[in-house]
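In UniProt numbering, the protein residues as written are 1 to 66. For glycine and all other residues, C-beta sits at the position ideal for the given N, C-alpha and C. Note that this is a predicted model, so its numbers are computed, not measured. All remarks here apply to the structure that follows.
Shown next as structure tokens:
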């Protein structure tokens, strides 16, 4: 699924998955850029909760140590 999604987005492939697009949009609404959202979601098998946790834990760690 992830390979088809990346092919669609970056190589103009024919496959569009509305569920994936909705998850990306939810992360964008939280301030995550498009590429970071795709990387996090695909890294966690498109599990929105895990991807969100990873993204915001990483941001919190940066804030604490900067």
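Can you check which of these residues, 18, 30, 20, 25, is closest to residue 56 by C-alpha distance?
Among 18, 30, 20, 25, the Cα nearest to that of residue 56 belongs to 30.
Neighbour-count burial assignment, residue 23, 16 or more Cβ in a 10 Å radius:
Residue burial is scored here from C-beta neighbours: residue 23 has at least 16 other C-beta atoms within 10 angstroms and is therefore classed as buried.
When the Cα atoms are used, what is the spatial distance from residue 44 to residue 26?
Between residue 44 and residue 26, the C-alpha separation is close to 15 Å.
For residue 32, which residues from the same chain have a beta carbon less than 8 Å from its beta carbon, with the 5 sequence-adjacent residues on both sides left out?
A distance below 8 Å between beta-carbons, with the five flanking residues on each side excluded, links residue 32 to the following residues of its chain, in chain order: 40, 55.
Grouping DSSP H, G and I as helix and E and B as strand, with all else coil, what is residue 33?
Looking at residue 33 - three-state DSSP - the assignment turns out to be coil, as it is neither helix nor strand.
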